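A.B. asks:
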Amino acid sequence: MMTLMAAVFGITLVLGFPVAFCLGITSVAVLLATDVPLNLVAQRIFTGMDSFPLMAVPFFVLAGEIMNVGGTTQRLISLAHALVGKIRGGLAHTTVVSAMFLSGISGSAVADASALGSVLIPGMVQKGYGRGFSAAITASAAVMGPTIPPSILMVILGVTTGLSIGALFAAGLVPGVLQGLAMMAMAYYYAVKNNYPKDEEPLTLKRLWKETMGAGPAFFAPVLIIGGILAGAFTPTEAAVVAVFYALILGMWVYRELTWKDLWNVLVNTGVTTSVLLLIIGMANIFAWVLTAEQVPQKIANMLLGISKNPHVVLLMINLVLLIVGMFMEAGAAIVILSPTLLAVAQAVGIHPLHFGFVMILNLSIGLITPPVGVLLFVVCGITGYPFSLVTRWAMPFMAANLATLALVSYFPALIMWVPKLFGYV
């Protein structure tokens, strides 16, 4: 049966089927071969999506869409440029810092890459930055979307494993900043090497005050969302709803760039994005049931624990497995299928569940810029029209910076656990 699963999944993936359909077709093939009633398919899809915490996903997506259209993104970019533009390679650093700001609003790497890519990539190329470098730094910076809270992947992981979503949000704060600093360091190296320009406009108190006042209401959004959750004022799902209303207020009455006409496209885009995510989760739930019926999770757990029970070695093996999985599978599906098994393995050797949870999120986020299925690479290539090979080649140094962050947080768990402890989650 394992051979059938591997063959069907591999064939559908090579033929270019979307990951959701690869999972669904493989599951149906196994069910047909084992004479299991096909009404199980509908049941498992519904069960996978029938979760109150998952309601946060469409609301976070909607909040991000509203802020992109309503002028919030542009103001955050302007503030980021004022803060770091004077460093050599200023626009590259602006891209990373802007991605950090946007990650605290949307929770979606694709949304961040789309918003930043359409504005900053043409700006960098016009200023003399290399095309591959400009696209790669934008795609790589957007990797922080799922690691800096709020995060859609953290919501999915919390729903799948029972981990506290608020605790996962808290866990991402320090590593997310380290991730951004690592990519800025790599960008600075290439900026000095290639003599990329810096912002020539003087950084005066007047300019800084103007940009801060312009972006202040937008910058308050992540403070409201994350602060409210950590303070216990509302759940992640309620925080997502608050974010939508706050985004509407900013776009319509503060910045006045969002119209009722714009809302139609915003709602359509949100519906499409959410539908894709929920379809993947539903199909992954069927696939996870099939794997469980075939006792695949137990076999994986026994194999890993059979190699070593040293937590450092087990963590290294988990990292390698997830990095490989991230190259071929959508992150949400990988979480639904693998997280229960790998969490059990981690706990068996004494790794804290929250430590494991964030390491898994960071691993699968890096998969967004690893070929052959590097979603963010395809996003920036679609925006710019640049060759995939060019962008991929330039993304490798920034992937190395992300891997360095992964190694750091994997073996120094205090970097992950400090904030959750501060807020009483641990």
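First residue of the sequence shown? That's 1 in this note's numbering, and the numbers climb one at a time after it.
Note that CB positions come from ideal geometry on N, CA and C, so glycine has one too.
Note that the structure is a prediction, hence the values are computed from the model and not measured.
#1: With residue 347 as the anchor, note down where its alpha helix (DSSP H) starts and where it stops.
#2: Which whole-angstrom value describes the C-beta separation of residue 305 and residue 345, a residue pair presumed to lie in contact below a C-beta threshold of 8 angstroms?
#3: Of all the beta strand (DSSP E) runs that stay within the bounds of the region 112-149, which reach a length of 3 or more residues?
#4: From residue 498 to residue 47, what does the alpha carbon distance come to, in whole angstroms?
#5: Below 6 angstroms CB to CB, which residues in the same chain sit around residue 115 once its five sequence neighbours on both sides are set aside?
#6: Give a yes or no on contact between the region 277-288 and the region 312-323, applying the rule of three or more CB pairs nearer than 8 angstroms.
#7: Can you give me the Cβ contacts of residue 183 inside the same chain, cut-off strictly under 8 angstroms, excluding the 5 residues immediately before and after it?
#8: For residue 330, count the other beta carbons within 10 Å of its own beta carbon; 16 or more makes it buried, fewer makes it exposed. Which is it?
#9: Determine whether the beta carbon atoms of residue 149 and residue 226 lie at a separation below 8 angstroms.
#10: If contacts are defined as beta-carbon pairs under 8 angstroms, then residue 30 and residue 4 qualify, I think. What distance do you get, rounded to the angstrom?
#11: Would you kindly check if the distance between the Cβ of residue 124 and the Cβ of residue 91 is under 8 angstroms?
#12: Are residue 157 and residue 423 closer than 8 angstroms when you measure CB to CB?
#13: Which residue's Cα is closest to the Cα of residue 54: 387, 351 and 282?
#14: Quick check on DSSP: helix, strand or coil for residue 238?
#15: Straight-line CA distance for residue 261 to residue 239?
#16: Which residues in the same chain as residue 20 place their Cβ atom closer than 7 angstroms to its Cβ, once the five residues preceding and following it in sequence are excluded?
#17: Please classify residue 308: does DSSP put it in a helix, a strand, or coil?
#18: What would DSSP say about residue 74, mapped onto helix, strand or coil?
#19: From which residue to which residue does the alpha helix (DSSP H) around residue 39 run?
#20: With a cut-off of 8 angstroms, do at least 3 Cβ pairs link the region 94-112 to the region 172-183?
#21: For residue 102, which residues from the same chain have a beta carbon less than 6 angstroms from its beta carbon, with the 5 sequence-adjacent residues on both sides left out?
#22: Does the distance from the C-beta atom of residue 205 to that of residue 86 stay below 8 angstroms?
#23: In angstroms, rounded to a whole number, what distance separates the CA positions of residue 130 and residue 369?
#24: Do you know whose CA, among 388, 273, 382 and 409, lies nearest residue 117's CA?
#25: Check residue 272 in the structure and name its three-state DSSP category.
#26: Evaluate residue 405 with the Cβ neighbour count: other Cβ atoms within 10 Å of its Cβ, from every protein chain shown; 16 or more gives buried, anything less gives exposed.
#27: For residue 151, which of helix, strand or coil comes out of DSSP?
#28: Should residue 218 and residue 76 be called a contact, given that it needs their Cβ atoms to be closer than 8 angstroms?
#29: Short check: CB of residue 361 to CB of residue 151, under 8 angstroms?
#30: Check for me: the alpha helix (DSSP H) holding residue 363 runs from which residue to which?
#31: Could you pull the start and end residues of the alpha helix (DSSP H) that residue 213 belongs to?
#32: Three-state secondary structure (DSSP) at residue 393?
#33: State buried or exposed for residue 126, treating a residue as buried only when at least 16 other CB atoms are found within 10 Å of its CB.
C.D. replies: Per the coordinate set shown:
#1: Annotation for residue 347: the continuous alpha helix (DSSP H) segment containing it runs 331-348.
#2: Indeed, because the Cβ distance is near 6 angstroms, the residues count as touching under 8 angstroms.
#3: None, since the region 112-149 contains no complete beta strand (DSSP E) of that length.
#4: In the structure as shown, the chain starts at 1 and stops at 426, and residue 498 therefore has no counterpart that could be examined.
#5: Closer than 6 angstroms at the Cβ level, and outside the excluded window around residue 115, lie 68 and 73.
#6: Touching, no, given that fewer than three Cβ pairs across the two stretches are closer than 8 angstroms.
#7: Non-local beta-carbon contacts of residue 183 in its own chain, meaning distances under 8 angstroms to residues more than five positions away in sequence, involve 96, 137, 140, 141, 398, 401 and 402 in chain order.
#8: Looking at its Cβ environment, which holds 16 or more other Cβ atoms inside 10 Å, residue 330 is buried.
#9: Against a cut-off of 8 angstroms, the Cβ pair of residue 226 and residue 149 comes out as a contact.
#10: Between the beta-carbon of residue 30 and that of residue 4 there is about 6 angstroms, and that keeps the pair under the 8 angstroms contact cut.
#11: Cβ distance < 8 angstroms, so residue 91 and residue 124 count as in contact.
#12: Contact flag unset, no.
#13: When only C-alpha atoms are compared, the closest one is 282.
#14: Shown here, residue 238 sits in a helix according to DSSP, grouped into three states.
#15: A direct Cα-Cα distance of roughly 26 angstroms separates residue 261 from residue 239.
#16: These residues qualify, in order along the chain: 279, 280 and 283.
#17: In the structure shown, residue 308 sits in coil (DSSP, three-state: anything other than H, G, I, E or B).
#18: Three-state result, residue 74: helix.
#19: Boundaries of the alpha helix (DSSP H) harbouring residue 39: 39-49, taken from the DSSP string.
#20: With the rule of 3 Cβ pairs closer than 8 angstroms, the region 94-112 counts as touching the region 172-183.
#21: The residues are 112.
#22: A distance of 8 angstroms or more separates the beta carbons of residue 205 and residue 86.
#23: A direct Cα-to-Cα measurement between residue 130 and residue 369 gives close to 18 angstroms.
#24: Measuring from the Cα of residue 117, the nearest candidate turns out to be 382.
#25: Helix at residue 272.
#26: Around the Cβ of residue 405, a 10 Å sphere holds 16 or more other Cβ atoms; the residue is buried.
#27: Reduced to three states, the DSSP call for residue 151 is coil.
#28: A contact, by the Cβ cut-off of 8 angstroms.
#29: Against a cut-off of 8 angstroms, the Cβ pair of residue 151 and residue 361 comes out as a contact.
#30: Note, residue 363: alpha helix (DSSP H), 353-366.
#31: Boundaries of the alpha helix (DSSP H) harbouring residue 213: 205-230, taken from the DSSP string.
#32: Residue state, collapsed to three classes: helix.
#33: Here residue 126 is exposed: its Cβ has fewer than 16 other Cβ atoms, across all protein chains shown, within 10 Å.
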